[in-house]
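Throughout the sequence shown, residue numbering follows this note's numbering, covering 8 to 484 in sequence. Glycine residues also receive a C-beta, built at the ideal position from the N, C-alpha and C atoms.
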Amino acid sequence: MAQTDTQSETTPAPPPASEPAPDAKEPGTAAAAGYDNRDVPVTAGGEPIPPPPPGGESPKRAEPDYDGRGPEPTTAGDVALWIPRIILSPLYLVSEYVIRRPFGWLITTAEQKQWPSAIVNFFTFGPDKTAGVFPTFFLDLGFRPSVGIYAFWNDLLGKGNHLRMHFSTFGADWLQGSVADKIPVGKDSFFDLRFEGTHRPDFLFYGLGPRSINANLSRFGIDKLQAEPVFETTWWRGSRVTVEGGVRYVDFRDDQCCDDPSVQTQLNRGVFAAAPPGYVDGYTAAFARGELTVDTREARPASQTGVRLELEVEQGSNVRRSTDNWIRYGGSFGGFLDVKNNRTLSLSLTTLFVDPLSENATIPFTEQIVLGGSGPMRGFLYGRLVDRSAAVATVKYRWPIWVFLDGSVQGAIGNVFGPQLQDFDPKLLRVTADLGVETVGAADNTFEILVGMGTETIDQGATVNSFRFLFGTNRGF
8 MAQTDTQSET TPAPPPASEP APDAKEPGTA AAAGYDNRDV PVTAGGEPIP PPPPGGESPK
68 RAEPDYDGRG PEPTTAGDVA LWIPRIILSP LYLVSEYVIR RPFGWLITTA EQKQWPSAIV
128 NFFTFGPDKT AGVFPTFFLD LGFRPSVGIY AFWNDLLGKG NHLRMHFSTF GADWLQGSVA
188 DKIPVGKDSF FDLRFEGTHR PDFLFYGLGP RSINANLSRF GIDKLQAEPV FETTWWRGSR
248 VTVEGGVRYV DFRDDQCCDD PSVQTQLNRG VFAAAPPGYV DGYTAAFARG ELTVDTREAR
308 PASQTGVRLE LEVEQGSNVR RSTDNWIRYG GSFGGFLDVK NNRTLSLSLT TLFVDPLSEN
368 ATIPFTEQIV LGGSGPMRGF LYGRLVDRSA AVATVKYRWP IWVFLDGSVQ GAIGNVFGPQ
428 LQDFDPKLLR VTADLGVETV GAADNTFEIL VGMGTETIDQ GATVNSFRFL FGTNRGF
């Protein structure tokens, strides 16, 4: 009897002959919550599920109205958004189909085929890739192009000691080079010793003042040597302090370049009433410079909403003439709104000044306020606008394209003016706009594409008469 009880507790009874086996696909069982015994898909309740249409997927069900509020009504803000959308549609089409999509395809292809790793492995050396040599090229229409070599050596002779070198050329009359040795000082500071040299024939001068015109274009050559120690520390988020000082030797040459007249030729023709200040004798400036940046934003990918204040001051003295002393100062203030995922809209205001510190002092024209190039109003070439002061307002939209690549579109209105903005007049303002792509992160060696334009002054009709195209790599250390 005991044996019979044990068997009844451990051995299940066989199913009746009229019932399917437990592994049969019976509707309503866990094993059949998808198919019945005829291999027909069913719901958990046993209802058959209709097959999908031939060659396609099952139709998507309508999204339930979970909160019972119905669709959101169209607001006045939604309608108003169409105004900037229509106005900015040409820029959107260019950024979408000329920049984002081609670059997206290129970047995706490069990642799939591992091009970045192959390039880095080819041009870098050492077990930790701490040294390398890269080719560079730079084209800024209006100037001569250049090709060169950028080299680096990290942790040279010690942890954190980084050496940077760059050399570029476009023939014997176009030579430019720089060397920088960066030494860490604590966690967030460094000491940097820099040497730079330039020998070029293609710099531009259009005259001084807000009313300079394109017809007065002239060229000049320059020989420049500069040595400076730099100390920089980061003290809060994107905020930093930079202090530097050094010597800058500059001589000018009456070079013919690019089928354009030289400054001396334009002087002989009477286009300019006098030579640019400091042009005839050149100068050797001993200078000291300080920069203060207060930035409330943290590094990406944190939100880029915040404000940024930049202040700068530089005092210079021409050691060839003790009477020539000047001070250059100014700054900018900007507000940033991170619309979404580091897509940032900003507005900044910039004012810059240079004043003599001694009576009858001559301030060399290359030490005055220069707009264009990599500074404010980038739609102009460097040197297009020169005078004693400047005021510029800039609106910019910047968005990430890739982890190391950003797109940007910006517009600016402003101009240069005489001492202390004394001849400021809204009718003398100019407008620039540009669209570009550039690498982000370390500034040692950047890649950039930029298309820009600039206008005449408002009282001259604000007609577009200046175009700029930039493509290539450029050193930034």
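In terms of residue numbering, what span does the beta strand (DSSP E) encompassing residue i cover?
{"i": "residue 109", "result": "Residue 109 -> not in any beta strand (DSSP E); alpha helix (DSSP H) instead, spanning 108-119."}
{"i": "residue 272", "result": "Taken as a continuous stretch (DSSP letters only), residue 272 belongs to no beta strand (DSSP E), being part of the alpha helix (DSSP H) at 270-276."}
{"i": "residue 198", "result": "196-212"}
{"i": "residue 393", "result": "392-394"}
{"i": "residue 171", "result": "169-176"}
{"i": "residue 154", "result": "153-160"}
{"i": "residue 378", "result": "376-378"}
Looking at residue j and residue i, is the spacing between their C-beta atoms short of 8 Å?
{"i": "residue 225", "j": "residue 268", "result": "yes"}
{"i": "residue 175", "j": "residue 201", "result": "no"}
{"i": "residue 189", "j": "residue 199", "result": "yes"}
{"i": "residue 442", "j": "residue 400", "result": "no"}
{"i": "residue 362", "j": "residue 334", "result": "yes"}
{"i": "residue 474", "j": "residue 456", "result": "no"}
{"i": "residue 141", "j": "residue 390", "result": "no"}
{"i": "residue 167", "j": "residue 191", "result": "yes"}
{"i": "residue 397", "j": "residue 372", "result": "no"}
{"i": "residue 107", "j": "residue 408", "result": "yes"}
{"i": "residue 139", "j": "residue 145", "result": "no"}
{"i": "residue 197", "j": "residue 212", "result": "no"}
{"i": "residue 279", "j": "residue 323", "result": "no"}
{"i": "residue 332", "j": "residue 290", "result": "no"}
{"i": "residue 439", "j": "residue 461", "result": "yes"}
{"i": "residue 316", "j": "residue 337", "result": "no"}
{"i": "residue 379", "j": "residue 364", "result": "no"}
Taking DSSP as the reference, what is the three-state secondary structure of residue i?
{"i": "residue 258", "result": "strand"}
{"i": "residue 143", "result": "strand"}
{"i": "residue 469", "result": "coil"}
{"i": "residue 29", "result": "The predicted model places residue 29 with a pLDDT of 46, which falls under 50 and marks its position as unreliable; any figure quoted below should be read in that light. Note: residue 29 maps to coil in three-state DSSP."}
{"i": "residue 36", "result": "Only weak support exists for where residue 36 lies, its pLDDT of 44 falling under 50; the coordinates are left without a value."}
{"i": "residue 127", "result": "helix"}
{"i": "residue 325", "result": "strand"}
{"i": "residue 298", "result": "strand"}
{"i": "residue 181", "result": "coil"}
{"i": "residue 97", "result": "helix"}
{"i": "residue 445", "result": "strand"}
{"i": "residue 82", "result": "coil"}
{"i": "residue 462", "result": "strand"}
{"i": "residue 220", "result": "coil"}
{"i": "residue 455", "result": "strand"}
{"i": "residue 192", "result": "coil"}
{"i": "residue 215", "result": "coil"}
{"i": "residue 336", "result": "strand"}
{"i": "residue 103", "result": "helix"}
{"i": "residue 428", "result": "helix"}
{"i": "residue 372", "result": "helix"}
Could you give the distance in angstroms between the alpha-carbon of residue i and the alpha-carbon of residue j?
{"i": "residue 136", "j": "residue 445", "result": "24 Å"}
{"i": "residue 161", "j": "residue 122", "result": "23 Å"}
{"i": "residue 193", "j": "residue 187", "result": "19 Å"}
{"i": "residue 340", "j": "residue 246", "result": "13 Å"}
{"i": "residue 152", "j": "residue 82", "result": "52 Å"}
{"i": "residue 314", "j": "residue 422", "result": "24 Å"}
{"i": "residue 410", "j": "residue 109", "result": "16 Å"}
{"i": "residue 417", "j": "residue 383", "result": "11 Å"}
{"i": "residue 429", "j": "residue 127", "result": "53 Å"}
{"i": "residue 353", "j": "residue 343", "result": "4 Å"}
{"i": "residue 369", "j": "residue 286", "result": "11 Å"}
{"i": "residue 300", "j": "residue 319", "result": "9 Å"}
{"i": "residue 276", "j": "residue 230", "result": "25 Å"}
{"i": "residue 93", "j": "residue 100", "result": "11 Å"}
{"i": "residue 239", "j": "residue 251", "result": "9 Å"}
{"i": "residue 78", "j": "residue 307", "result": "35 Å"}
{"i": "residue 217", "j": "residue 465", "result": "11 Å"}
{"i": "residue 221", "j": "residue 129", "result": "45 Å"}
{"i": "residue 284", "j": "residue 234", "result": "23 Å"}
{"i": "residue 112", "j": "residue 118", "result": "10 Å"}
Checking the sheet assignment: what are the DSSP bridge partners for residue i?
{"i": "residue 419", "result": "401 and 439"}
{"i": "residue 345", "result": "351"}
{"i": "residue 133", "result": "BP columns for residue 133 are empty, so no partner."}
{"i": "residue 238", "result": "198 and 250"}
{"i": "residue 367", "result": "The partner list for residue 367 (beta bridge, DSSP) is empty, contrary to what the question assumes."}
{"i": "residue 407", "result": "413"}
{"i": "residue 287", "result": "Paired residues: none, contrary to the question."}
{"i": "residue 231", "result": "205 and 257"}
{"i": "residue 306", "result": "Answer by DSSP bridge pairing: none, since residue 306 is not bridged."}
{"i": "residue 358", "result": "338 and 398"}
{"i": "residue 265", "result": "Partner(s): none; residue 265 has no beta bridge."}
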